[in-house]
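In structure tokens:
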């Protein structure tokens, strides 16, 4: 993955506000990159652009050599479905679906036929087989994030985007979730792009990218 | 396939979480109410159709004073239809010394084609043939007046006949002023032997035709082009205009009542859909993030919607079928009438309407879900994508408009109601927004919770306005149900008061007027008003000669080619109403008053000069006013009335209508005996039928409004639910900041009081307006409503919204704030 000259401006009242300014870097397949910085430094905005969830004011992101912003939103969605997995701070499980169904969701959207078996296997990997039929509201925060991990890895993504995955968890639970995530990452050879403000967590990634006021400082 | 399973799964889960409850309930009620009215009206219409068919004894009837060309019969036979002919003429019937002018009808084998004649020939039964040669069937009036019994003999012309049966239930009567005389039914074979068929006999020929509906319609078109001026084609629709008018009014009224339920359901669905959208933003963003394309998201919801629609339509149809069956069973006169089973068509109509409502009010708003930005997974502050307002409201309006036009049956009425409704909704919404903002700005001197309440409502201006509009709609329906409905139905039934005239008298001569007044006095009856009648033909409009060929409309042709009844008077009849122009002064001269319907048919405008030919001499006069005539008032009415000097020197007869109480029926016979030239027509049966329809409708309306009431409550529920999430979140924050539950309760109650008061005010305004439209355009009665409606509207609004709001938010206040904030 290669980011070149990524800039994002939004209108704040009448004047433009620059959230990201000219960010460029490259990540090799199988690498892990931590994006760190204080609150409001533009970490989440950068992650959103890298994952193709938002479009930049200028600049490009290419994946396997192809510019993702040259495509329309539906094509980017298809690309996300094929290549990317996500883990969020607020878990983002669908409240109406149980754990198993949440894990099946990306497979079903992609039209995979053995979604159930694969989802069950993935839940087993995160140690939640017994909770497969529980709704998210009946699971603890750590369990919800493990379901989210199972969902992220079930489609064997090439890239995993993680946004403050431990932000809503206590230290002990957070550490367990991170161990699990990094282990799955290694096992599947996934490229990891992790946003965090926790330097200790960032240190467990191969490379770090530090942002301050929308610019790369390190 | 996976997507279908996924959407079913989502539907099942959302259903369990109660997300679809309001939507489904509203839709079931809408379909149920439309189906109830549709099925019910269909059964009554079918029953009336059967009755009307038996009134003319066929599907089509051609009457003429001359023999028909054989072409008519052949055309019908060539289409595989049934044909019989009969000849009718007035003749004296004798028995001993007594003689009575009667209406004889000679019929062929196969008569009647439609309906059944009931006779009593010693036992009561349905006649299976026509009278055998040498015998006649006569009606009760003839037996009574000739002092005759079944089995006796009567003389008709040169022959004697045996009276073989008494006619108990007759059919194929003339429509209008001819069915005055006692009836005698005889076999066509015997007619020649009576010697009554001579040159100059006043014979009326009837050709009766029956077949399938399509054949009838095609033949009617084919024959209409060939009819000559003295031939008249009638189908069942021409029979009994009074009953048809009553039924049409009833259908419009019921249709609008059902549509009110449908609109309310639409409002409830729109509110429910709005809440659904807000609650599913995150889920959609996650799906988009996980690779779902817009089309897939759309497909997911489409599946859910179609399934939900199918369930609702099925339940609604069952509900409608059950309700109308219960209704018919619970109304004695309908149960006894043995109504035909309803057709499937009304159910299909209700189902299509249900899907249209779902599309217009719920599906389009949900469409915006597919546009949710996937970025929302990272940045929750991103709100719902802006729906294309014009598209959503445009489609909802279009759906409503089509439903109105479809169900109200009248373009004018449908547009009036719809236009009024939309204008009202926009006005309500705008006023609510304005008032809330104004009040919030001036709330600084108020107590803290009031100030906070106004600020809250003003900050959520749009959703508060939507709530007020929805609550106003619900309240309006409730007020119409409770206060306006009684006034409306009462007003309608008052159109036919107990002493509505049930007899028409025709052919009164000028020199009999005093004697007739005297007769009524002797019988202790109020003397009726007698109106003069002169027969004349319209020959010129504004100096331009006219003929039947100038008009395409067959009714207009008939009016121009035949003479019709004119009258003259000084005062306008009290049961007519002036539409335009001025009624003439007491000494007015050379002026004409024309009924607005016929003026439109013939293209006559205010100020035109009309020239009439009366008995060979002509006169010309100016149209100075147009009148509206209530044809279902059972009173004497005229198309054209002139100032007295124009017509009073022409030969005229008089006609009148009066009420004969049941215990004075004999007086009618005596009147006929004393003045044998009078034609006395009994309209009691028609009045009874119109009253019957009114009674049945009054009871049906109650049931239909019950649906409206339920949908009104669904709106209330949906409106409260629609802001519950916001309220819950705000309550949690306030509690964290130290607000106690007493403060929160007061805050919520203040908000609900403001919402309820505003909604009640608008609801009362809307109810008065809707009632006025129903009174003025549907029932055509004056609109008078109890001013109490405003008090009940506003007071009731405050109390009901506060109470239900308190019930709905009571638990919110007690929930620990952290759980709510964490869940958010």
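Chains as they are written, first to last, in this note's numbering: chain C, 5 to 222; chain E, -10 to 813.
In this text, a Cβ means the ideal position worked out from N, Cα and C, and glycines have one as well.
**OP:** Can you give me the Cβ contacts of residue 797 (chain E) inside the same chain, cut-off strictly under 6 Å, excluding the 5 residues immediately before and after it?
**Re:** 709
Original post:
DSSP three-state call for residue 72 (chain C): helix, strand or coil?
Top reply: helix
**OP:** Check whether the Cβ of residue 148 (chain C) lies closer than 9 Å to any Cβ atom in chain E.
**Re:** Residue 148 (chain C) is outside the set of residues whose beta carbon lies under 9 Å from a beta carbon in chain E.
Original post:
For the region 90 to 107 of chain C, which residues have a CB atom closer than 7 Å to at least one CB atom of chain E, in sequence order?
Top reply: 90, 92, 96, 98, 100, 101, 105
Original post:
According to a CB-to-CB cut-off of less than 8 Å, which residues of the region 475 to 486 of chain E neighbour chain C?
Top reply: none
Original post:
Using a Cβ-Cβ distance under 9 Å, would residue 171 (chain C) count as near chain E?
Top reply: no
Subject >> Straight-line gap, residue 528 (chain E) to residue 208 (chain E) (C-alpha atoms, nearest Å) >> reply: 31 Å
**OP:** Would you grab the beta carbon distance between residue 758 (chain E) and residue 413 (chain E) for me? Rounded to a whole angstrom, and I think it's under 8 Å.
**Re:** Contact annotation, residue 758 (chain E) with residue 413 (chain E): C-beta distance approximately 7 Å; criterion of less than 8 Å satisfied.
Original post:
Mind pulling the chain E residues with CB within less than 9 Å of residue 86 (chain C)?
Top reply: 280
Subject >> Neighbouring residues, chain E, relative to residue 113 (chain C) (Cβ below 7 Å) >> reply: Simply 276, 279, 280, 281, 285.
Original post:
In terms of DSSP beta bridges, what is residue 580 (chain E) paired with?
Top reply: In DSSP, residue 580 (chain E) forms a bridge with E:611.
**OP:** Would you verify that the beta carbon of residue 116 (chain C) is, or is not, closer than 9 Å to some beta carbon of chain E?
**Re:** yes
**OP:** Tell me residue 11 (chain C)'s beta-bridge partners as DSSP assigns them.
**Re:** C:62
Original post:
At a CB-CB cut-off below 8 Å, which residues of chain C make contact with residue 272 (chain E)?
Top reply: Per Cβ cutoff of 8 Å: 98, 99, 100.
Subject >> 6 Å CB neighbourhood of residue 598 (chain E) in its chain, flanking five on each side removed >> reply: Around residue 598 (chain E), the same chain offers 531, 609, 611 as residues with beta carbons nearer than 6 Å, after the five sequence neighbours per side are excluded.
Original post:
Do you know how far the Cα of residue 294 (chain E) is from the Cα of residue 179 (chain C)?
Top reply: The alpha-carbon of residue 179 (chain C) is positioned some 43 Å away from that of residue 294 (chain E).
Original post:
What are the boundary residues of the alpha helix (DSSP H) that includes residue 105 (chain C)?
Top reply: 103 to 113
**OP:** Check each candidate in E:774, E:615, E:77 and name the one with the smallest Cα separation from residue 95 (chain E).
**Re:** E:77
**OP:** Using the Cα positions of residue 614 (chain E) and residue 245 (chain E), report the straight-line distance between them to the nearest angstrom.
**Re:** 33 Å
**OP:** With residue 80 (chain C) as the anchor, note down where its alpha helix (DSSP H) starts and where it stops.
**Re:** Segment 77 to 87, the alpha helix (DSSP H) holding residue 80 (chain C).
Subject >> Where residue 194 (chain E) falls: helix, strand or coil (DSSP) >> reply: For residue 194 (chain E), the secondary structure class from DSSP, reduced to helix, strand or coil, is strand.
Subject >> Where the alpha helix (DSSP H) containing residue 94 (chain C) begins and where it ends >> reply: Looking at the DSSP string, residue 94 (chain C) is not in any alpha helix (DSSP H), and its letter there is neither H nor E.
Original post:
Is residue -9 (chain E) helix, strand or coil by DSSP?
Top reply: helix
Subject >> Complete beta strand (DSSP E) runs within the region 149 to 181 of chain C (minimum length 3 residues, chain order) >> reply: 163 to 167
**OP:** Could you check how far apart the C-beta atoms of residue 107 (chain C) and residue 154 (chain C) are, in whole angstroms? I think they sit under 8 Å.
**Re:** 5 Å
Original post:
So, using beta-carbon positions, are residue 143 (chain E) and residue 82 (chain E) closer together than 9 Å?
Top reply: yes
Original post:
Under a three-way DSSP split, which group does residue 26 (chain C) fall into?
Top reply: strand
Original post:
With respect to the alpha helix (DSSP H) encompassing residue 507 (chain E), which residues constitute its N-terminal and C-terminal limits?
Top reply: 502 to 511
Subject >> Unbroken beta strand (DSSP E) run spanning residue 216 (chain C), endpoints >> reply: 211 to 216
Subject >> Backbone secondary structure at residue 676 (chain E) - three-state DSSP >> reply: helix
**OP:** Provide the residue(s) that pair with residue 40 (chain C) in DSSP beta bridges, ordered along the chain.
**Re:** C:200, C:214
**OP:** Name the residue from E:6, E:135, E:90, E:313 whose alpha carbon lies nearest to the alpha carbon of residue 688 (chain E).
**Re:** E:313
Subject >> CB contact check: residue 144 (chain C) to chain E, cutoff 9 Å >> reply: no
Original post:
Whose C-alpha, out of E:13, E:368, E:404, is nearest the C-alpha of residue 258 (chain E)?
Top reply: When E:13, E:368, E:404 are compared, the shortest CA-CA separation from residue 258 (chain E) is found for E:13.
Original post:
Where residue 64 (chain E) and residue 197 (chain E) are concerned, what is the direct C-alpha to C-alpha distance, given to the nearest angstrom?
Top reply: 13 Å
Original post:
Taking the C-alpha atoms as reference points, what is the distance between residue 4 (chain C) and residue 83 (chain C)?
Top reply: The requested residue 4 (chain C) is not part of the displayed model; chain C covers only 5 to 222.
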